[in-house]
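Chemist: Quick one: the structure is below, and I'll ask about it shortly.
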Amino acid sequence: MTPLTGVFQATERLGNVFLCTYTTDDVAINRIDSRILALERELRELRAERNTKIAITHLPVEILTYIFTLCVPKPGYDPNPPQKSNSFIDIRDDNARRIRWISFSHVCRAWRSLALNYPSLWTYPDFMIPNLAHAMVERSKPTIMDVFLPYGNYVTPGMLSQIQDNLWRTRSLDLSVETPLMQEFVNNMVHPMPNLKLLKVSCTHMSSLSLPPFFLGEEAPLLAEIHLNYCYIPWQSLLLRNVTVLSLSGDGRTNIPSGAQFLEVLREIGGLEVLELRHVFPQTMAEFSVVHIPHLCRLLLEMKIDACADILNHITFPETTSLLIESSTDRESGAFVRLFSCLSRLYSSLSCSPSRALKALSMEYGVIGVAFHWLVLTGWNASDISFPTDAQDDHRSRPSPDFQLTLNGYGERTLESGDVLGALNTLNLQFLETLLVSGRCDPQDVYEVDGGEDVPENILLELLGDIAWSRSVKTVFLRGSDFAYHGADALGEYDDGRCTDVCFPDADEQNEANPEANPHIFVFPALETLVILSADLKADTEPSIPEMLSDSFTRRWQHGVSTPKLLLNHCRSVPDHFEELRKVFTDIQWDRDEAPIESGGIKIITVQRFL
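Following UniProt numbering, the numbering of the sequence shown begins with 1 at its first residue and continues without gaps.
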């Protein structure tokens, strides 16, 4: 036998041994796999039997389906979404949140069968997941359905076709899609929608839509809310007549009505409760009569100054109506006079009832060089308004304002301190109790020193005017370093002439009743609580904010004025400042949270004290 033959024989014997071993192991593995499958089957049966013993499974079908319905997320747009730092995580969490509710249909066969055969669970199709949306639309038949298409590039002709086929049972239609398919989609919506209650179409100025003349066949008897953003509806449309909420936003040039058309629409909408117009206004209204809107609860106007004034001059509404105005100008000072005249007719103490008197007011005023000025006045006729006590002003925690005026000026001398006083003088503030002042305000930005205009001693007093001497104000918030600086200085000012201030007629009665009372009237003489927010008490100013607070309230105490409670929240400070202030304020709180000072509308001041 040759060596090569011996190698072949040895290899053959080893192969036979390996084959026998492999066959034996394979049989054992198959036996184990069979056992695993049997155990898994038995485990599923045990779990199913256990589920039948749980008390919740014995609930009536009506209660179980109601519980399932509460798990269904209602689609919609949150106008004030919570701020998050990572947009990718936001999207991922949103996807997970939308599909998580379906998990209850995977608990057991009984629940799944119940869910799949209960149409009301599927009436909010999730079009962010097209395959799921198609199944949900089919499962929801023939129940009334809500359609919500948010922004995205996932919309397909098939999806729109499915929506088109089910419009007859649609209760709310919310479209926020930028796609060329949308114009064709709305053009085909010419059939009545007997169940439609809400119509919302959100576009952009780059992808606007125009609704056809016979949109929905002009038959939607239940339609109560219309929200159109860069989507234009014919002014003669019969769909406008029965709405209670009408919100229109445009570009100020497209689909502009005549004055007669505009007033005729308002006259025919007998039950209108909310009217919001953003850059949608008539051409001219000078020659037309006044229209009364008896049930109006909220009026929002965001447009040119003259257009705002025209509308306010040609409509009347209840004194309980909330009025929100936003306007801007690039003209020099005096551009707002006509608007202020309209507001004074509505809100001044001489022309309105106490129901329009504001008890809480937030004033934000800012200047960036000479290029941009802004003023936001927000008021409530309730005194128990929860203003912020931390660095983040979450306005959603407060009720909707009864009044809001936002003015923007672009260019030099467009929104000066005189305009701020003019805006404040239009309001009934004789019962004001709470005041918040914030913004960005360096006097050198407001006043042109080189042009011969003197810088005032205190910009805060210059802006507030008579309000600074109000005997009704009990709580003052100073937000940001600029107004904390000027406020600390202003609170030490007094004026003997304010004893007979005509703006506060009760002053004469108080002085006559107590002729020996302190003749010095300090700024905010009835102040009970002072809150300073997001201010840099370490700022390199001379004197510093803590020093001015100590000086001002020491002077007030020396003249018999009680010292208020002082709250320092999210302020940069040092323990030495706090200890120094404790010598003056018997009730003082400092949260010792030195959060970063806001950078949006607040800057760290480095100016010297203006004497």
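Note that CB positions come from ideal geometry on N, CA and C, so glycine has one too.
Decide if the stretch 323–332 is in contact with the stretch 359–371; the criterion is three or more beta carbon pairs, one per stretch, under 8 Å apart.
Modeler: The stretch 323–332 vs the stretch 359–371: no contact.
Chemist: Taking 7 Å as the limit between beta carbons, can you name the residues of its chain near residue 57, skipping five residues before and five after?
Modeler: Closer than 7 Å at the Cβ level, and outside the excluded window around residue 57, lie 51, 110.
Chemist: Compute the beta-carbon to beta-carbon distance between residue 341 and residue 305, rounded to the nearest angstrom, for a pair I have assumed lies under 8 Å.
Modeler: Residue 341 to residue 305, Cβ: 11 Å. No contact.
Chemist: My understanding is that residue 487 touches residue 460, with C-beta atoms under 8 Å, so please give their C-beta distance in whole angstroms.
Modeler: Going by Cβ atoms, the distance from residue 487 to residue 460 rounds to 6 Å, so yes, they are a contact pair.
Chemist: Does DSSP put residue 533 in a helix, a strand or coil?
Modeler: Reduced to three states, the DSSP call for residue 533 is strand.
Chemist: Using a threshold of 9 Å, state whether the C-beta atoms of residue 616 and residue 546 are closer than that.
Modeler: There is simply no residue 616 to check, as the chain begins at 1 and stops at 611 in what is shown.
Chemist: Taking all protein chains shown into account, decide if residue 85 is buried (16 or more other Cβ within 10 angstroms of its Cβ) or exposed.
Modeler: With a pLDDT of only 36 at residue 85, under the threshold of 50, the placement of this residue in the model should not be trusted; the figure read from the coordinates follows. Under this definition residue 85 is an exposed residue.
Chemist: Counting only the same chain and skipping the five closest in sequence on each side, list residues whose C-beta sits under 7 Å from that of residue 383.
Modeler: 359, 360, 433, 434, listed in sequence order.
Chemist: On the DSSP bridge assignment, give the partners of residue 404 in chain order.
Modeler: Answer is 324, 378.
Chemist: Evaluate contact between the stretch 469–481 and the stretch 395–411, counting only Cβ atoms and requiring at least three cross-stretch pairs below 8 Å.
Modeler: The stretch 469–481 is not in contact with the stretch 395–411.
Chemist: Determine the burial state of residue 562: buried for a count of at least 16 other Cβ atoms within 10 Å of its Cβ, exposed for fewer.
Modeler: Classification of residue 562: exposed, given that the 10 Å Cβ count is below 16.
Chemist: Could you check which residue in 154, 221, 213 has the C-alpha nearest to that of residue 197?
Modeler: With distances taken between Cα atoms, residue 197 lies closest to 221.
Chemist: Is the distance from the Cβ of residue 269 to the Cβ of residue 242 below 9 Å?
Modeler: For residue 269 and residue 242, yes; Cβs fall inside 9 Å.
Chemist: Measuring CB to CB, does residue 527 end up less than 9 Å from residue 564?
Modeler: Yes; because the gap between Cβ atoms is below 9 Å, this pair is in contact.
Chemist: Apart from the five residues on each side of it in sequence, which residues of its chain come closer than 6 Å, Cβ to Cβ, to residue 231?
Modeler: Correct list, in chain order: 201, 203, 209.
Chemist: Give me the Cα-Cα distance between residue 436 and residue 104, rounded to the nearest whole angstrom.
Modeler: C-alpha separation (whole angstroms): 48 Å.
Chemist: By alpha-carbon positions, which one of 151, 257, 465 ends up nearest to residue 429?
Modeler: Minimum Cα distance to residue 429 is reached at 465.
Chemist: Please confirm whether residue 461 has its beta-carbon closer than 9 Å to some beta-carbon of chain C.
Modeler: Looking for chain C here will not work: only one protein chain is present.
Chemist: Assuming residue 426 and residue 325 are in contact, meaning their beta carbons sit under 8 Å apart, how far apart are those beta carbons, in whole angstroms?
Modeler: Their Cβ separation, rounded to whole angstroms, is 11 Å, which puts residue 426 and residue 325 out of contact at 8 Å.
Chemist: Just to confirm my understanding: we take residue 291, look at its own chain, exclude 5 residues before and 5 after, and list those with CB closer than 8 Å. What are they?
Modeler: Correct list, in chain order: 263, 266, 267, 314, 315, 316.
Chemist: Could you tell me which uninterrupted alpha helix (DSSP H) segments, each at least 4 residues in length, are contained entirely in the stretch 240–294, listed from first to last along the chain?
Modeler: For the stretch 240–294, whole alpha helix (DSSP H) runs of length 4 or above, ordered along the chain, are 259–268.
Chemist: In this structure, what does DSSP give as the bridge partners for residue 409?
Modeler: Answer by DSSP bridge pairing, in chain order: 329, 373.
Chemist: Note down the Cα distance separating residue 60 from residue 66, rounded to an integer number of angstroms.
Modeler: The alpha-carbon atoms of residue 60 and residue 66 are separated by roughly 10 Å.
Chemist: Just verifying my parser: in three-state terms, what is the DSSP assignment at residue 214?
Modeler: In the structure shown, residue 214 sits in coil (DSSP, three-state: anything other than H, G, I, E or B).
Chemist: Over what stretch of residues does the alpha helix (DSSP H) that includes residue 113 continue unbroken?
Modeler: Note, residue 113: alpha helix (DSSP H), 109–116.
Chemist: Sorted by chain position, which residues of the same chain lie with C-beta nearer than 6 Å to residue 679's C-beta, five sequence neighbours on each side aside?
Modeler: The question about residue 679 has no answer, for the chain in this structure spans 1 to 611.
Chemist: Which same chain residues end up closer than 8 Å to residue 283 when comparing Cβ atoms and leaving out the 5 residues on each side of it in sequence?
Modeler: Result list for residue 283: 256, 257, 258, 259, in chain order.
Chemist: Can you tell me the Cα-Cα spacing of residue 249 and residue 281, whole angstroms?
Modeler: Straight-line Cα distance between these residues: approximately 10 Å.
Chemist: Is the beta carbon of residue 531 sitting closer than 9 Å to the one on residue 422?
Modeler: Against a cut-off of 9 Å, the Cβ pair of residue 422 and residue 531 comes out as no contact.
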